[in-house]
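Counting from 1, position 249 in the sequence shown corresponds to residue 248 in numbering that gives the first Met the number 0; the numbering is continuous, with no gaps. Working notes for the structure below.
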Amino acid sequence: MDTVTNEPKSEGDATGDLTLDGHLDAAIRELDRLRRPEAWAAMPEAGASRDAEKAPPAEVEAAAAVVGSAAAKAERKSRFGSRRDPEPSSQASQPKFEASQTEAPKTEAPKTEAPEIQVPNTEGPEIEAPKSEVPGQAETQSSEAKPDPFVAMTVAIEPKPKGGRKGWFGSRGAPEPEPDAPPSRMVDLEPVREALQAAAVKRTEASAADVAMPAAAAGISGEAPAAPPADAARVGVLLVNLGTPDAPKAKAVRRYLRQFLSDKRVIEKDTFAWQLVFKGIILPFRPRSKARAYKSIWNQEKNESPLKTITRSQAEKLADTLTQTGSDAVVDWAMRYGNPSIEHRLKALIAQGCERVLLVPLYPQYSSATTATVCDEAFRVLSRIRNQPSLRVAPPYYADPIYIEALACSIRAALADLSFEPEVIFASYHGMPVEYVQKGDPYYRQCTRTTELLRDRLGMKESNFMMTFQSRFGRAQWLQPYTDQTLRKLAKDGVKNVAVVTPGFSADCLETLEEIAIENAHIFKKKGGKNFAFIPCLNDSEHGMRVIREVASRELKGWA
Numbered sequence: 000m001d002t003v004t005n006e007p008k009s010e011g012d013a014t015g016d017l018t019l020d021g022h023l024d025a026a027i028r029e030l031d032r033l034r035r036p037e038a039w040a041a042m043p044e045a046g047a048s049r050d051a052e053k054a055p056p057a058e059v060e061a062a063a064a065v066v067g068s069a070a071a072k073a074e075r076k077s078r079f080g081s082r083r084d085p086e087p088s089s090q091a092s093q094p095k096f097e098a099s100q101t102e103a104p105k106t107e108a109p110k111t112e113a114p115e116i117q118v119p120n121t122e123g124p125e126i127e128a129p130k131s132e133v134p135g136q137a138e139t140q141s142s143e144a145k146p147d148p149f150v151a152m153t154v155a156i157e158p159k160p161k162g163g164r165k166g167w168f169g170s171r172g173a174p175e176p177e178p179d180a181p182p183s184r185m186v187d188l189e190p191v192r193e194a195l196q197a198a199a200v201k202r203t204e205a206s207a208a209d210v211a212m213p214a215a216a217a218g219i220s221g222e223a224p225a226a227p228p229a230d231a232a233r234v235g236v237l238l239v240n241l242g243t244p245d246a247p248k249a250k251a252v253r254r255y256l257r258q259f260l261s262d263k264r265v266i267e268k269d270t271f272a273w274q275l276v277f278k279g280i281i282l283p284f285r286p287r288s289k290a291r292a293y294k295s296i297w298n299q300e301k302n303e304s305p306l307k308t309i310t311r312s313q314a315e316k317l318a319d320t321l322t323q324t325g326s327d328a329v330v331d332w333a334m335r336y337g338n339p340s341i342e343h344r345l346k347a348l349i350a351q352g353c354e355r356v357l358l359v360p361l362y363p364q365y366s367s368a369t370t371a372t373v374c375d376e377a378f379r380v381l382s383r384i385r386n387q388p389s390l391r392v393a394p395p396y397y398a399d400p401i402y403i404e405a406l407a408c409s410i411r412a413a414l415a416d417l418s419f420e421p422e423v424i425f426a427s428y429h430g431m432p433v434e435y436v437q438k439g440d441p442y443y444r445q446c447t448r449t450t451e452l453l454r455d456r457l458g459m460k461e462s463n464f465m466m467t468f469q470s471r472f473g474r475a476q477w478l479q480p481y482t483d484q485t486l487r488k489l490a491k492d493g494v495k496n497v498a499v500v501t502p503g504f505s506a507d508c509l510e511t512l513e514e515i516a517i518e519n520a521h522i523f524k525k526k527g528g529k530n531f532a533f534i535p536c537l538n539d540s541e542h543g544m545r546v547i548r549e550v551a552s553r554e555l556k557g558w559a
């Protein structure tokens with residue numbers, strides 16, 4: 000029996016050159032796909048006409064062509080031998096494979112027992128391709144007995160005869176193998192079929208996994224639960240203000256200043272010279288004077304700064320208002336610097352089941368050193384949380400009609416209680432380096448807009464309602480005019496009565512209660528002024544809570 004050698008591709012040959020391994024792989028792979036009853040039922044017999052409505056899929060026809068062509072080629076070679084004699088192999092001990100044919104009965108049902116592979120302990124075997132019953136071959140078989148391709152195909156590994164060269168018409172003088180020689184091993188193709196079926200099942204499961212995640216992967220039993228409705232998630236509201244030390248003592252103030260002035264949003268130029276000033280002058284000496292200032296305004300009853308007292312009250316009143324409107328939102332409060340921290344309160348909201356959090360920076364005007372740094376800290380905290388809640392940030396409300404009206408009402412009420420009529424009213428805002436505005440910070444523009452709207456609402460002229468900036472720090476040029484210098488100048492010019500309002504603060508703090516109401520009042524009177532009135536911030540008053548409630552309610556739409 001001749002050895003099957005590779006032949007060049009011919010027209011209509013879909014398999015190309017076939018070694019035994021290639022032939023078996025192609026046959027097993029394609030026949031496994033054709034084993035489905037509907038595929039064989041739709042396959043036309045050779046020489047018969049095809050019903051257009053029952054035509055098999057294109058890939059089934061292609062598979063039949065591949066297997067049929069391979070089987071026909073192998074049969075042709077087994078009958079007529081190789082076209083050329085192969086060179087003797089130097090590795091005679093390596094076995095070669097032959098494919099033999101087991102004819103399927105034509106009148107009986109196909110056998111169901113597993114086919115066998117016979118491998119005698121001899122030298123390289125010959126290969127004989129099987130005559131499998133594959134639709135599309137030239138020979139026409141009876142349609143009553145269509146054998147299973149796996150049953151009809153067996154592979155027998157036979158001994159290669161010793162002596163003589165093989166030619167076109169068989170071996171020359173090679174002895175025939177003994178028919179009764181027992182095989183050294185029997186190999187069953189049934190595991191091959193089972194492996195192919197198992198692979199098909201795995202492919203099906205993998206495709207299904209792309210559509211719906213298995214419940215086991217989700218860590219639960221049964222089907223994965225559907226996503227909860229949008230209104231099922233609990234909502235949290237976090238009010239945030241600038242910050243305050245924990246005590247009116249140098250140590251607590253130093254800790255607060257270190258955190259505050261280390262923020263890259265607050266001090267952008269982190270140079271070597273700044274570090275010398277910061278660590279060599281500010282931290283050692285400034286906390287003592289600041290501690291005395293905090294002590295002058297400290298809430299002794301609750302042992303905390305007024306900013307902390309007011310912000311807590313704002314959160315409690317907002318929670319009561321939302322509850323009265325039917326909302327179950329959880330309201331909390333935090334400080335950007337100091338305690339309670341944003342991290343601590345944000346995690347507390349998440350622990351209470353808040354899957355959505357509204358962040359409300361209590362700064363009417365936006366600044367990178369205030370609003371932006373609150374967002375930075377919140378995002379930093381969330382960056383280390385695996386199950387992050389959805390986050391919204393309330394925008395600045397510097398031009399909100401409700402905010403402007405609340406300021407106007409607060410100013411009118413305060414002026415009505417005064418024993419004198421102010422000649423000039425100052426709208427004093429926290430200062431900022433001019434460089435920050437030049438880089439694109441909108442703070443100055445928004446402060447100007449608030450002042451213009453408030454002036455118009457009060458019906459006053461610019462000379463009677465002025466905008467100034469306070470709390471400058473360092474030698475850099477800050478936004479002007481400066482509040483303290485303007486007060487000095489007006490006092491020298493003969494102005495006797497003034498009032499100051501701080502529209503950039505939502506709650507009274509060191510910068511309003513000590514710097515404006517005490518320090519700047521002293522400057523004005525020392526330079527010749529007589530009456531000085533400080534108008535409190537909106538705080539947790541009725542007007543102030545109307546603003547916070549409006550901002551929160553507007554941003555909670557669709558959530559709570």
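Backbone N, C-alpha and C define an ideal beta-carbon position, used for all residues, glycine too. Since the model is a prediction, treat every value here as computed from it, not as a measurement.
- Query: Exposed or buried, what is I455 when buried is set at 16 or more other beta-carbons lying within 10 Å of its beta-carbon?
  - Reply: Before going on, a small fix: residue 455 reads as Asp here, not Ile. That one is exposed.
- Message: Just to confirm my understanding: we take G584, look at its own chain, exclude 5 residues before and 5 after, and list those with CB closer than 8 Å. What are they?
- Response: Past the boundaries of the shown model lies residue 584; the chain is included only from 0 to 559, so the question cannot be answered.
- Task: For the beta strand (DSSP E) containing T243, list its first residue and its last residue.
- Result: First-last of the beta strand (DSSP E) with T243: R233 to T243.
- Three-state secondary structure assigned by DSSP to T467: In the structure shown, T467 sits in a strand (DSSP, three-state: E or B).
- Message: Check for me: the alpha helix (DSSP H) holding W273 runs from which residue to which?
- Response: Counted as a single uninterrupted DSSP element, the alpha helix (DSSP H) harbouring W273 occupies residues F271 to V276.
- Assigned secondary structure, Y397 (DSSP; H/G/I helix, E/B strand, else coil): Y397: coil per DSSP, three-state reduction.
- Which whole-angstrom value is the C-beta distance of A377 and G235, which I expect to be below 8 Å? Going by Cβ atoms, the distance from A377 to G235 rounds to 12 Å, so no, they are not a contact pair.
- Item | L306 beta carbon less than 9 Å from that of T369 | It is not a contact, given that the beta carbons lie outside the stated cut-off.
- Query: How many angstroms separate the CA atom of V276 from the CA atom of F468?
  - Reply: So the two alpha carbons sit approximately 24 Å from each other.
- Message: So, for S552: in the same chain, excluding its five sequence neighbours on each side, which residues have a beta-carbon less than 6 Å away from its beta-carbon?
- Response: Cβ within range, chain order: n/a, list empty.
- Could you check where the beta strand (DSSP E) with C353 kicks off and where it finishes? Note, C353: beta strand (DSSP E), C353 to P360.
- So which of V392, R233, F472 and V499 has the shortest CA-CA distance to Q351? Comparing alpha-carbon positions, the option among V392, R233, F472 and V499 lying closest to Q351 turns out to be R233.
- Query: Rounded to a whole number of angstroms, what is the C-alpha to C-alpha distance between P432 and L478?
  - Reply: Taking the straight line from one Cα to the other gives about 6 Å.
- Please look up how many angstroms separate the CB atoms of S312 and D507, rounded, as I've assumed it's under 8 Å. Incorrect: roughly 12 Å between the Cβ atoms, too far for contact.
- Query: Along the chain, where does the alpha helix (DSSP H) that runs through F259 open and close?
  - Reply: Membership of F259 in the alpha helix (DSSP H) is indicated by the continuous run A249 to L260.
- S288 by DSSP, collapsed to three states: which one? S288 falls in the helix class under three-state DSSP.
- From A393, L381, S382 and Y255, residue whose alpha carbon lies closest to that of L238: Minimum Cα distance to L238 is reached at A393.
- Quick one: residues in its chain with C-beta nearer than 6 Å to the C-beta of L241, no 5 flanking neighbours on either side, listed in chain order? Cβ within range, chain order: R335.
- Message: Three Cβ pairs or more, each shorter than 8 Å: is that satisfied between the region 436-452 and the region 392-406?
- Response: A contact exists between the region 436-452 and the region 392-406.
- Would you kindly check if the distance between the Cβ of V497 and the Cβ of L486 is under 9 Å? Judged by their CB atoms, L486 and V497 are nearer to each other than the 9 Å cut-off.
- Classify T324 as buried or exposed, calling it buried when 16 or more other Cβ atoms lie within 10 Å of its own Cβ. Burial state of T324 is exposed, judged by a 10 Å Cβ sphere holding fewer than 16 other Cβ atoms.
- Task: Along the alpha helix (DSSP H) that carries L509, what are the first and last residues, could you check?
- Result: No alpha helix (DSSP H) contains L509, which DSSP labels as neither H nor E.
- Item | CB of P372 within 9 Å of CB of R257, strictly | Pro is not the amino acid found at residue 372; the sequence shown has Thr there. Going by beta carbons, T372 and R257 fall outside the 9 Å limit.
- Could you check what DSSP says for N386 in three-state terms: helix, strand or coil? N386 falls in the coil class under three-state DSSP.
- Measure from the alpha carbon of I410 to the alpha carbon of each residue in G543, P363, K556 and V494, then state which is nearest. Comparing Cα positions, the closest option is G543.
- Less than 8 Å between the CB atoms is what I'm expecting for Q364 and T310, so what's the real figure, rounded? 18 Å between Cβ atoms; not a contact.
- Query: Considering G337, what are the terminal residues of the beta strand (DSSP E) in which it resides?
  - Reply: First-last of the beta strand (DSSP E) with G337: V329 to G337.
- Query: According to the Cβ coordinates, are V494 and E422 closer than 9 Å?
  - Reply: With contacts defined as CB atoms closer than 9 Å, V494 and E422 qualify as a contacting pair.
- Message: Restricting to Cα atoms, I'd like to know which of E420, P360 and E404 is closest to R391.
- Response: Measuring C-alpha to C-alpha distances from R391 to each of E420, P360 and E404 identifies P360 as the nearest.
- Message: Rounding to the nearest angstrom, what Cα-Cα distance links W558 and Q437 in this structure?
- Response: Spanning the alpha carbons of W558 and Q437 requires a straight line of approximately 38 Å.
- Message: Buried or exposed for H521, going by 16 or more other Cβ atoms inside 10 Å?
- Response: Exposed, by the Cβ-count rule.
- Between Y293 and L457, is the Cβ-Cβ spacing less than 9 Å? Against a cut-off of 9 Å, the Cβ pair of L457 and Y293 comes out as no contact.
- Does the beta-carbon of K165 have 16 or more other beta-carbons within 10 angstroms, so that it is buried, or is it exposed? The predicted model places K165 with a pLDDT of 46, which falls under 50 and marks its position as unreliable; any figure quoted below should be read in that light. Classification of K165: buried, given that the 10 Å Cβ count is 16 or more.
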